[in-house]
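Start counting the sequence shown at 4; every next residue gets the next number (the numbering used here). Even for Gly, the Cβ is constructed at its ideal location relative to N, Cα and C.
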Amino acid sequence: MNKTIYEAEFTKMVHDKMREANRFKEYERIPKNRIGGDYWNTYWTIRYMLHTIEDILAKGDKLVLLGFFTVEPKFYKEKKTCSGMERTGKNVYDIPERYKAKFKSGTVLNRACEAYGDYLKEEANNKDDEYEEGEEE
């Protein structure tokens, strides 16, 4: 509990979960000589990866995939919230204390988003350059 799990251990955990599922015949065995596999092999790999993340969070542990993301359970205190009617006191809701998954993106994902932002700026500049002053369609 409250353990930090890195990529190598996470990979082993997903592998173990898939082997366990294979014992119960939940999916067809993936041949070792196939790289990439087919759609269903990919589907089951992703499914068990997500179930492994669920197991990690349920134990209170933290998952760190360096460069990609960190996810951990975080405790949030009880709070009151209202939907814009503070003065009247109507629509005031109590949100109980709870644990929620806290996701922090890593540098690889952040750089991918920056590249997307640069792409959008470049597209906007290209649209401006399409028509010169005095030019008609």
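For residue i, which three-state DSSP category applies?
i, result
"Glu75", "strand"
"Lys20", "helix"
"Asp97", "strand"
"Tyr122", "helix"
Applying the criterion that 16 or more other CB atoms from any shown protein chain within 10 Å of the CB defines a buried residue, is residue i buried or exposed?
i, result
"Met21", "buried"
"Leu69", "exposed"
"Leu123", "exposed"
Relative to the C-alpha of residue i, which residue among the options is closest?
i, options, result
"Ser108", "Phe71, Asn5 and Asn44", "Phe71"
"Ala104", "Ile56, Lys130, Tyr119 and Asn128", "Ile56"
"Lys6", "Val74, Lys82 and Ser86", "Val74"
"Tyr79", "Asp97, Glu125 and Trp43", "Asp97"
"Thr14", "Arg26, Asn113 and Val67", "Val67"
Rounded to whole angstroms, how far is the Cβ of residue i from the Cβ of residue j, which I believe are closer than 8 Å?
i, j, result
"Ile59", "Ile8", "6 Å"
"Tyr51", "Ala11", "Their Cβ separation, rounded to whole angstroms, is 17 Å, which puts Tyr51 and Ala11 out of contact at 8 Å."
"Lys77", "Tyr102", "7 Å"
Could you compute how far the alpha carbon of residue i sits from the alpha carbon of residue j?
i, j, result
"Glu100", "His54", "25 Å"
"Asn94", "Lys82", "14 Å"
"Trp43", "Asn128", "42 Å"
"Cys2", "Phe106", "With the chain covering 4 to 140 only, the question about residue 2 has no answer from this structure."
"Gly63", "Glu125", "43 Å"
"Glu117", "Tyr46", "29 Å"
"Val17", "Arg26", "14 Å"
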